[in-house]
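*Asks:* Let me begin by handing over the structure; questions about it come next.
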Amino acid sequence: MMRLIAVGRMKDRVERDLFQRYADRLTPKLDMVEVAEGRGAAAEIKRREGQALLSALPDRAFVIAMDEGGRAHASLDFARHVERWLGLSRPVCFLIGGAEGLDGPVLARADDTLSLGPMTWPHMLVRGLLAEQLYRARAIASGHPYHRAGRP
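Residue numbers (my numbering): 3 to 154.
What follows is the structure, encoded as structure tokens:
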């Protein structure tokens, strides 16, 4: 089982369609759980959102926090990580924070951290990007020609 737990509700149809395009192709399926955005000062927002993310985790979850300080992987390396995570026989959960980022307790709970690179991405767009990268990783692992290694 794979689950994406993210702060905020996707309202934009284009962003939702991008996520669904890849999430629907994945095996195992990638479910998405959306938790409410926090209100108040920045620190309070992070705290509330962090609590909501942690509360949404299933028992025994293997947690990967999407964080700018996380590790960025090349596609082949990421595919190996995904296969290892899925082989743990635990629910694999990716956490995406809101505009203020992830709270310290969320990062402390994470079993791994992942970055999509040094650029900053809107947290709503990260959902689609992550779904595509998971689809690519699973395609690599299965020998599907979706991923084209190398340059022309």
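We put the CB at the ideal spot given by N, CA and C, even for glycine. The structure displayed is predicted, hence computed values, not measured ones.
Out of G52, W87 and R138, point me to the one whose CA is closest to L163's CA.
*Replies:* The first residue shown for the chain is 3 and the last is 154, placing residue 163 beyond what the model contains.
*Asks:* Report yes if the CB atom of I98 is closer than 8 Å to the CB atom of A8, and no otherwise.
*Replies:* yes
*Asks:* Using the Cβ count rule (16 or more neighbours within 10 Å means buried), how would you classify V94?
*Replies:* buried
*Asks:* Do Y148 and A141 have their CB atoms nearer than 8 Å?
*Replies:* yes
*Asks:* DSSP on G130, reduced to helix/strand/coil?
*Replies:* helix
*Asks:* Is it a yes or a no for the stretch 30-42 touching the stretch 73-86, going by three-plus beta-carbon pairs under 8 Å?
*Replies:* no
*Asks:* What whole-angstrom Cβ distance do S144 and E70 have, given they're in contact under 8 Å?
*Replies:* At roughly 30 Å, the Cβ-Cβ gap does not stay under 8 Å, so S144 and E70 are not in contact.
*Asks:* What residue range does the beta strand (DSSP E) around A8 cover?
*Replies:* M4 to V9
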